[in-house]
Amino acid sequence: MAVYYSKEKINEIAKEYGKNEHDTGNTEVQVALLTYRIECLSSHLRANKKDHSTRRALLTMVGQRKSLLGYYAKKDIYKYRALIEKLGLRK
Numbered sequence: 008m009a010v011y012y013s014k015e016k017i018n019e020i021a022k023e024y025g026k027n028e029h030d031t032g033n034t035e036v037q038v039a040l041l042t043y044r045i046e047c048l049s050s051h052l053r054a055n056k057k058d059h060s061t062r063r064a065l066l067t068m069v070g071q072r073k074s075l076l077g078y079y080a081k082k083d084i085y086k087y088r089a090l091i092e093k094l095g096l097r098k
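Numbering (the working numbering), first residue to last: 8 to 98.
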């Protein structure tokens, strides 16, 4: 299942979590974009329980987000905690 997100949505997320709307390489922006994609795929899987290829893609994205969050926690723990709080991840 290929899901394409509009440039407007990507720019909106980048503007909220990055320095500007074109700053998509920032770790915070990448985590926020992955979180948005994970939420979309999760809602899709609630309706289509037997869609195993999407489930595999979802697990891949979760692993990628976990890896980025681990890097960000090592880099700056205070910004990491603020990002977790802002995205509503964990606790």
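Glycine included, C-beta positions come from ideal geometry on N, C-alpha and C.
Which term fits residue i, buried or exposed, when burial requires 16 or more other beta carbons within 10 angstroms of its beta carbon?
i	result
A89	exposed
L76	buried
Y12	exposed
If contacts are defined as beta-carbon pairs under 8 Å, then residue i and residue j qualify, I think. What distance do you get, rounded to the angstrom?
i	j	result
I17	A39	The pair is not a contact, with the Cβ atoms about 10 Å apart (cut-off 8 Å).
H51	T61	6 Å
T34	Y85	14 Å between Cβ atoms; not a contact.
L41	Q71	6 Å
Cα-Cα, which of the options is closest to residue i?
i	options	result
V36	E23, I45, L48, Q71	E23
Y43	L65, H59, Y87	L65
L48	T31, K73, E28, V69	V69
Residue i CB to nearest chain B CB: under 7 Å?
i	result
D83	Absent from the structure is chain B; it holds one protein chain and no more.
Name the two residues that bound the continuous alpha helix (DSSP H) containing residue i.
i	result
S49	34-54
L65	59-82
N27	Careful: N27 lies outside any alpha helix (DSSP H) and carries neither H nor E.
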